[in-house]
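Chains C and X supply the protein sequences, listed in that same order.
Counting with the numbering used here, you get residues 152 to 339 for the letters of the first sequence.
Counting with the numbering used here, you get residues 152 to 339 for the letters of the second sequence.
2 protein chains.
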Amino acid sequence: MNALHHCISQYHPISVEAWEALSKALTRVEVPKNSFLVKEGMVCNKLYFLEQGCLRGYYNNLDGKEVTYWFGFENNFITSFYSFISRKPGIENIQTLEDSTLWGISFEALNQLFDQHHDLERLVRIINEQYYIRLEERLMAMQFKTARERYEQLLETSPHILQRIPLGQIASYLGISQETLSRIRSQV
Amino acid sequence: MNALHHCISQYHPISVEAWEALSKALTRVEVPKNSFLVKEGMVCNKLYFLEQGCLRGYYNNLDGKEVTYWFGFENNFITSFYSFISRKPGIENIQTLEDSTLWGISFEALNQLFDQHHDLERLVRIINEQYYIRLEERLMAMQFKTARERYEQLLETSPHILQRIPLGQIASYLGISQETLSRIRSQV
DNA sequence: TTCCTTTTTTGACAATTGTCAAAAGAAAGA
DNA sequence: TCTTTCTTTTGACAATTGTCAAAAAAGGAA
Numbered sequence: 152m153n154a155l156h157h158c159i160s161q162y163h164p165i166s167v168e169a170w171e172a173l174s175k176a177l178t179r180v181e182v183p184k185n186s187f188l189v190k191e192g193m194v195c196n197k198l199y200f201l202e203q204g205c206l207r208g209y210y211n212n213l214d215g216k217e218v219t220y221w222f223g224f225e226n227n228f229i230t231s232f233y234s235f236i237s238r239k240p241g242i243e244n245i246q247t248l249e250d251s252t253l254w255g256i257s258f259e260a261l262n263q264l265f266d267q268h269h270d271l272e273r274l275v276r277i278i279n280e281q282y283y284i285r286l287e288e289r290l291m292a293m294q295f296k297t298a299r300e301r302y303e304q305l306l307e308t309s310p311h312i313l314q315r316i317p318l319g320q321i322a323s324y325l326g327i328s329q330e331t332l333s334r335i336r337s338q339v
Numbered sequence: 152m153n154a155l156h157h158c159i160s161q162y163h164p165i166s167v168e169a170w171e172a173l174s175k176a177l178t179r180v181e182v183p184k185n186s187f188l189v190k191e192g193m194v195c196n197k198l199y200f201l202e203q204g205c206l207r208g209y210y211n212n213l214d215g216k217e218v219t220y221w222f223g224f225e226n227n228f229i230t231s232f233y234s235f236i237s238r239k240p241g242i243e244n245i246q247t248l249e250d251s252t253l254w255g256i257s258f259e260a261l262n263q264l265f266d267q268h269h270d271l272e273r274l275v276r277i278i279n280e281q282y283y284i285r286l287e288e289r290l291m292a293m294q295f296k297t298a299r300e301r302y303e304q305l306l307e308t309s310p311h312i313l314q315r316i317p318l319g320q321i322a323s324y325l326g327i328s329q330e331t332l333s334r335i336r337s338q339v
């Protein structure tokens, strides 16, 4: 839980009371490799903090292919965002790629905490904003960079992904075919 | 200002006091076509609500080309998000594509309101979340759909864009060349 | 209207990326 | 260790998209 406290304080420090209330609402979750935190068709009711391990979010597109659109690593917040926020079933699957340890909080508990602790809601607003900025950067790369440039950017900003994730999933994340990524990689 | 109040209430109703405080902090801004709300290199200090008109956000990439990455229409919230949140100079230009009427609030004023009105901060958190979901959908389209599919999706979800925006800017927004978009359009 | 500017379309060709199939390599279990 | 399975690479070819240049069309101003 220290990792979460440390992570939080980098976004926005919260009061001792808020932290205590939050701690009480958290559940520790240990999940072995290749299991599912969220499956398509269900409403995702939990927001997680990933203490140890590695996950991916993916969905099955119309051709029956798995489409990976994010990876989660240590100190990331994890949820099926659309489903968690809208309270509707999502198309997303969240799968552990390694044995993972997470802390989870339910939607209801989180919103109760928001009512009681203004600073907790501020924290979440600020975290959301930072995640928005990251998403925006990713969109811009996707829109205006070639496959090679996107791969090189990934090498620079997130080299750990390359060491922990199979190539096919990285290719999907970059929006290119596995064969193309393999060729790009051999020519760098 | 009615448009803003109506828009807000669709996200999250706020108290009368919060609305009054917010109203007082807002400045009406009228901007003729082809002027700039934000220019690259500056810190964007305002969050806007677009009452009437139409804008785009773009930046100049390394090749000297203008890269459009969003459009704003009536009832949209507008800012140079990265710059407004991080308080750092951004690379973004925000330009009016039509004569436009907006309501603006400064970063400082907004944050003061957050301190005084918890429900206003909640409102903004909720709006942020909805904008995050939209961005996520756009990223997914960019990652896994062909140019033609992205154009058809735009036709379905935002046909008004096609009527109000020059083709070159739409092509840029879709991440394709103007020539390709022109050809796609002639074949639909 | 007429001229001038901007936007859109078209053609020819090149570059990038995808698809399918097979081979090579690496990892995991018996 | 030896299989078996999963992952990555390679080849051949096709489809998509981009680039450059020029023509056509549309829009604005005098």
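We put the beta carbon where it would ideally sit given N, CA and C, even for glycine.
Cutoff 7 Å; reference residue i; Cβ partners in own chain excluding five residues on either side
i: leucine 332/X; result: Tyr302, Leu318, Ile321, Ala322 and Leu325
i: lysine 239/X; result: Val194
i: isoleucine 327/C; result: Ala298
i: isoleucine 278/C; result: Tyr162 and Phe228
i: glutamine 263/X; result: none
i: leucine 271/C; result: Ile165, Ala169, Leu173, Leu264 and Phe265
i: leucine 261/C; result: Leu198
i: histidine 156/X; result: Trp170
Environment of residue i [buried if 16+ CB atoms lie within 10 Å]
i: lysine 197/X; result: buried
i: asparagine 186/C; result: According to the sequence displayed, residue 186/C carries serine and not asparagine. So serine 186/C ends up on the exposed side.
i: valine 275/X; result: buried
i: threonine 178/C; result: exposed
i: glutamate 330/X; result: exposed
i: glutamate 259/X; result: exposed
i: leucine 306/C; result: exposed
i: leucine 173/C; result: buried
Which listed residue (the options) has its alpha carbon closest to that of residue i
i: lysine 130/C; options: Asn244/C, Leu173/C and Ile278/C; result: No answer is possible for residue 130/C: it lies beyond the span of chain C, which begins at 152 and ends at 339.
i: alanine 154/X; options: Arg336/X, Ile236/X and Tyr199/X; result: Tyr199/X
i: leucine 213/X; options: Phe295/C, Glu307/C, Asn279/C and Gln246/C; result: Phe295/C
i: lysine 184/C; options: Thr252/C, Leu313/C, Gly192/C and Ile159/C; result: Thr252/C
i: alanine 176/C; options: Ile256/C, Pro310/C and Glu272/C; result: Ile256/C
i: cysteine 158/X; options: Trp221/X, Phe228/X and Ser237/X; result: Phe228/X
i: glycine 241/X; options: Asn226/X, Trp254/X and Glu191/X; result: Glu191/X
i: alanine 292/X; options: Thr308/X, Leu261/X and Glu330/X; result: Thr308/X
i: arginine 273/C; options: His156/C, Met152/C and His163/C; result: His163/C
i: asparagine 226/C; options: Gln281/C, Pro310/C and Gln203/C; result: Gln203/C
i: glutamine 246/C; options: Ile165/C, Ser160/C and Val189/C; result: Val189/C
i: serine 237/X; options: Asn262/C, Tyr282/C and Gln263/C; result: Tyr282/C
i: methionine 152/X; options: Leu201/X, Ile165/X and Val182/X; result: Leu201/X
Identified DSSP bridge partners for residue i
i: tyrosine 199/X; result: Ile229/X and Gly255/X
i: glycine 208/C; result: Trp221/C and Ile245/C
i: valine 189/C; result: Ile245/C
i: glutamate 300/X; result: Partner(s): none; glutamate 300/X has no beta bridge.
i: glutamate 181/C; result: Thr252/C
Contacting residues, own chain, Cβ-Cβ under 6 Å from residue i (five flanking each side not counted)
i: threonine 219/C; result: Arg207, Tyr209, Gln320, Ser323 and Tyr324
i: cysteine 205/X; result: Phe224, Leu248, Glu249 and Arg315
i: arginine 299/X; result: Ile335
i: valine 180/C; result: Leu253 and Gly255
i: tryptophan 221/C; result: Gly208
i: valine 182/X; result: Thr247 and Ser251
Residues near residue i by beta carbon distance below 8 Å, same chain, minus five either side
i: leucine 313/C; result: Leu305, Leu306 and Ile321
i: histidine 100/X; result: Outside the displayed span of chain X (152 to 339) sits residue 100/X, for which this structure offers no information.
i: serine 160/X; result: none
* Below 8 Å, can you find three or more Cβ-Cβ pairs linking the segment 268-288 of chain X to the segment 229-245 of chain C? -> Touching, per the Cβ criterion.
* Touching or not, the segment 261-279 of chain C and the segment 159-172 of chain C, by the rule of three or more beta carbon pairs under 8 Å? -> Verdict: yes, contact present.
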